[in-house]
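In the working numbering, the protein residues as written are 240 to 1020.
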C-alpha cells in the first residue's frame, strides 16, 4: 500500500492499494483505501464494500458467460422484507450513518426503526431479531417465516428502493437471483435461484461476537442493538484490519448460501417436509405434494453439498435444454398432471392441450414408437433411444412461449431432480461429447421410488411409466385405479421403495443424499456428524486451511483403503494379485500425474540429500532428452493433456523406448511411500511378465478394478464439469514444477478439499472416464 500525500494536516493518513485476489473460484481485482492509523473495524467497511462489489461483479460476469443474467433491478424491494442479518461492526456503522443524516431525514428514518421495533415486539420476535447468532438453523427458519409474514419493510426502503444503496450491508450486496424477481416476494413458495457468490460478509461475524455466540442481529433492530451494547470493539491500524480480512479469505467456500426457507409448516402434527398429510384414505396422486416436498428437500441437500466444495448448479430460469428430453412420469403423476392442466386458466389451458395433441401425433408416427412403449413398460436400457427421440425436436407440451414451465410448482419429480453442474449446452445431447461431459447432481432418487409407489410390498420391481408428451391421452383412457390408503401408510411404502432404489444405486458407488423427513416412516436417517477423519475410513485430515498438496497424505490413505478393498474382492473371486516387490515392469510406462503431485515430487527431490539428489535429477534430464530425440516427441505432449482414441498407440510407443521411471532404483521404487495415486491403483492379476510385453496385442493384462482416484485428483483444482484437467507426465515433473511455481495456491479446510475430491471421483465413476482411460490410454491415463 502507498500512503497518500495530499491530505490536510488534520485529516487521517490513508493508504491505497490495487488488489488482485483469488476468492473461491473467482479472480477479482479492485482498489481499496484505508486509514493507516488505529481505527475501529467499522471504519474499514468502505474498503470491504469495494472488495465485495468486485466479487459480485466477477460473479455476474461468470454468470453472463453461461448465458444467464441477474433479475434484480432498481425499484425491486421484494427481498427487503426479510430479516437481514448483519454483523456487530455493521450495526455500529449503521448507527453512525443514521446519526450523520441531516434533519428531517434522520428523524424519519429513526421513526421507521421505532415502528419496526413496536411491530416486532407485538409479534414476540424482537428479542430473537436481536440475537440471530445464538439461534439454531431450524429456529432461524421459523423466525424467517414469521418475520416475513409481518410484511415489515427495511427502515431504509423508500419507494421500493434502498435509500442507503452505496452504504448497504455486505450481505445485501451478495443477494442476487436469476429467477423471476416476483418469486422473492414469496420466498417460502420455493423457486428462488440464488447466484452463488462467495460470502465475504462472513468475515465480519467473529468481530465483536460475545461468548454466547451473539454475532449477528437483524438490520431492522440495528439501532436498538447498538444502543444496548456500548462500542468496545478494538482499535487497530486500518492496514492491519485489511490484512486480517485477507488472511481469512482462504477459509471461505466458493458459496456460502444459507439454508433455504422451509415450506411453511402448520400446527397439525401430521406434517412432513413442511406439508400437511391428507386425511383419511387417499389415492397415490394425493400424496404427490408431500413427495414433491421430499424431493425438494433432497435436492437442496445435494445443492448444498455441491456448493460447499466450490461448485455450483448451472441450471437457471429460462434455460429449457432439458425440456426437450424424453421425460417420463409415474401413473400417479400422470393423473395429477391432468388435474393441474385442467386448472390452468384460458387461453393457456387450450394452448397446452394443443401442444399435447401435436406431440402425441408426432410420436404416434415415429418409426420407433414400439421401442419407446416397450422401454416405458419394462425399463429396459436402450441407450440410443433418447438421442433418437430428441432428434424429433419435440419440446415438453408444458413449455410455454416465454421458455418457462407452465406448471413449475407442480413439475414432475424427475424434473425436480434433474440439475447439472456442467455447461448447460451439454444437456442438448447433440452428440457423444455432450453425454460424456454432462455432470448431473447426485439426488435422492425420489422420482424412481415414486414410480413404484403403487406396487404391493412384495411385488416385483415392474412398473409402468408414461412419457409426458402422451400423458393426457393416457389418463383419458385409464381412470385412476390407485388403492386408497392412509397417508402414513403411503409414506411407509414410499420410504421402503426409496431405500430399495438407493441401495441399488449404492452398489454402483453412487453417493445419495439423505431425506431426513422420512426417518419416522422407516427411511434412512441423516448422515452422522463428520469429524476430522476421511469419509468411510479412518483417515486423518490436516487442521486449518491448507493447500491441495497438504491433502496428499489424506488422498493417498483413502486410495490405499479403496485398493485394499478391491484386492479383497479379487481374492474372494478366487484370483490373486501378481505384483510383488522388485517387479518394476510397469515402471517403464508413461505415468501421467496431477499438477498437485508434480509439485510434491519436485519438493521431495529437493529435500533429498546429495549426491543422491543430483543422481535423480540426472535421470530426469536423461529421460527428457531421450523423449525429445525420439519420433514420439511431437505427439507426446498432446497425448498427456488431451488423450483420445486416435492416440492409443502413444503409450505403447513410449513403452518401447525402454525408459525407466527416474525413481526406479535396483528394480524398486525409491519413493514408494510417496508414489503417485495412479501407481497405487495399478495392480494386475495376470502374470507379471505380461506387463513386460505391454502393448503386444497377443498379451492380455487384467487390472484389479480401480477407483480411479488419480483421475479425481487431476480434476481437483478445476471447475466441476471442466472438459480437461492439466496433466503432467511424471518424467517431466521437475521441469514442470520449476516453470509453474505455486504462487497463489488456494487454501481450504481439509473437509472442503475432501468433499471436492469425492465429488470429482463421483463424476469419474458416473460418466465413464475410468473405462475410457483403460481402453484408450493404456491403463495409466
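Ideal Cβ positions, reconstructed from N, Cα and C, are used throughout, including at glycine.
Please read all numbers here as calculations on a predicted model, not as lab measurements.
For residue i, does the three-state DSSP call read helix, strand or coil?
{"i": "residue 948", "result": "helix"}
{"i": "residue 269", "result": "strand"}
{"i": "residue 417", "result": "coil"}
{"i": "residue 275", "result": "coil"}
{"i": "residue 499", "result": "Because residue 499 carries a pLDDT of 43, less than 50, the predicted location of this residue cannot be relied on, and the following value inherits that uncertainty. In the structure shown, residue 499 sits in coil (DSSP, three-state: anything other than H, G, I, E or B)."}
{"i": "residue 890", "result": "helix"}
{"i": "residue 935", "result": "coil"}
{"i": "residue 820", "result": "coil"}
{"i": "residue 257", "result": "strand"}
{"i": "residue 974", "result": "helix"}
{"i": "residue 896", "result": "coil"}
{"i": "residue 853", "result": "helix"}
{"i": "residue 533", "result": "helix"}
{"i": "residue 915", "result": "coil"}
{"i": "residue 569", "result": "strand"}
{"i": "residue 443", "result": "helix"}
{"i": "residue 397", "result": "strand"}
{"i": "residue 942", "result": "strand"}
{"i": "residue 469", "result": "coil"}
{"i": "residue 407", "result": "coil"}
{"i": "residue 213", "result": "In the structure as shown, the chain begins at 240 and stops at 1020. Residue 213 is therefore absent and cannot be evaluated."}
{"i": "residue 712", "result": "helix"}
{"i": "residue 539", "result": "helix"}
Does the beta-carbon of residue i have 16 or more other beta-carbons within 10 angstroms, so that it is buried, or is it exposed?
{"i": "residue 281", "result": "buried"}
{"i": "residue 911", "result": "exposed"}
{"i": "residue 312", "result": "exposed"}
{"i": "residue 804", "result": "exposed"}
{"i": "residue 288", "result": "buried"}
{"i": "residue 300", "result": "exposed"}
{"i": "residue 341", "result": "exposed"}
{"i": "residue 630", "result": "exposed"}
{"i": "residue 830", "result": "buried"}
{"i": "residue 783", "result": "exposed"}
{"i": "residue 252", "result": "exposed"}
{"i": "residue 998", "result": "buried"}
{"i": "residue 477", "result": "buried"}
{"i": "residue 939", "result": "exposed"}
{"i": "residue 463", "result": "buried"}
{"i": "residue 546", "result": "buried"}
{"i": "residue 355", "result": "buried"}
{"i": "residue 662", "result": "buried"}
{"i": "residue 360", "result": "exposed"}
{"i": "residue 466", "result": "exposed"}
Could you pull the DSSP bridge partners for residue i from this structure?
{"i": "residue 832", "result": "967"}
{"i": "residue 205", "result": "Residue coverage of the chain in this structure runs from 240 to 1020, which leaves residue 205 outside it and unanswerable."}
{"i": "residue 929", "result": "Paired residues: none, contrary to the question."}
{"i": "residue 907", "result": "904"}
{"i": "residue 476", "result": "277"}
{"i": "residue 993", "result": "According to DSSP, residue 993 bridges with nothing at all."}
{"i": "residue 520", "result": "725"}
{"i": "residue 455", "result": "326"}
{"i": "residue 546", "result": "BP columns for residue 546 are empty, so no partner."}
{"i": "residue 706", "result": "567"}
{"i": "residue 515", "result": "510"}
{"i": "residue 487", "result": "Looking at the DSSP assignment, residue 487 forms no beta bridge with any residue, so it has no partner."}
{"i": "residue 865", "result": "Beta-bridge pairing links residue 865 to no other residue."}
Please indicate yes or no: does the CB of residue i lie closer than 7 Å to some heavy atom of the ligand HEM?
{"i": "residue 463", "result": "As far as ligands go, the structure on display features none, and thus does not contain the ligand HEM."}
On the three-pair Cβ rule with 8 Å, is the region 775 to 792 touching the region 920 to 936? no
Segments assigned beta strand (DSSP E), at least 3 residues, entirely inside the region 623 to 678: none
Go through the region 291 to 353 residue by residue and report every complete run of the beta strand (DSSP E) that reaches 3 residues or more, in order. 324 to 326
Could you say if the region 319 to 334 and the region 465 to 474 meet the contact criterion of at least three C-beta pairs nearer than 8 Å? yes
Would you call the region 855 to 873 in contact with the region 895 to 915, where contact means no fewer than 3 C-beta pairs closer than 8 Å? yes
Three or more C-beta pairs below 8 Å linking the region 911 to 921 and the region 864 to 872: no
Any 3 or more C-beta pairs closer than 8 Å across the region 705 to 724 and the region 592 to 601: yes
Between the region 519 to 529 and the region 607 to 617, can you find at least three pairs of beta-carbon atoms closer than 8 Å? no
Would you call the region 932 to 942 in contact with the region 975 to 985, where contact means no fewer than 3 C-beta pairs closer than 8 Å? no
With three or more beta-carbon pairs closer than 8 Å as the criterion, would you say the region 407 to 420 touches the region 377 to 392? no
Would you call the region 394 to 405 in contact with the region 360 to 375, where contact means no fewer than 3 C-beta pairs closer than 8 Å? no
Is it true that the region 645 to 665 meets the region 547 to 567, where meeting means three or more beta-carbon pairs spaced less than 8 Å apart? yes
Suppose only complete runs of 4+ residues qualify. What are the alpha helix (DSSP H) ranges in the region 575 to 614, listed by chain order? 587 to 603
Tell me whether the region 790 to 805 and the region 986 to 994 touch, counting them as touching only if at least three CB pairs, one residue from each stretch, are closer than 8 Å. yes
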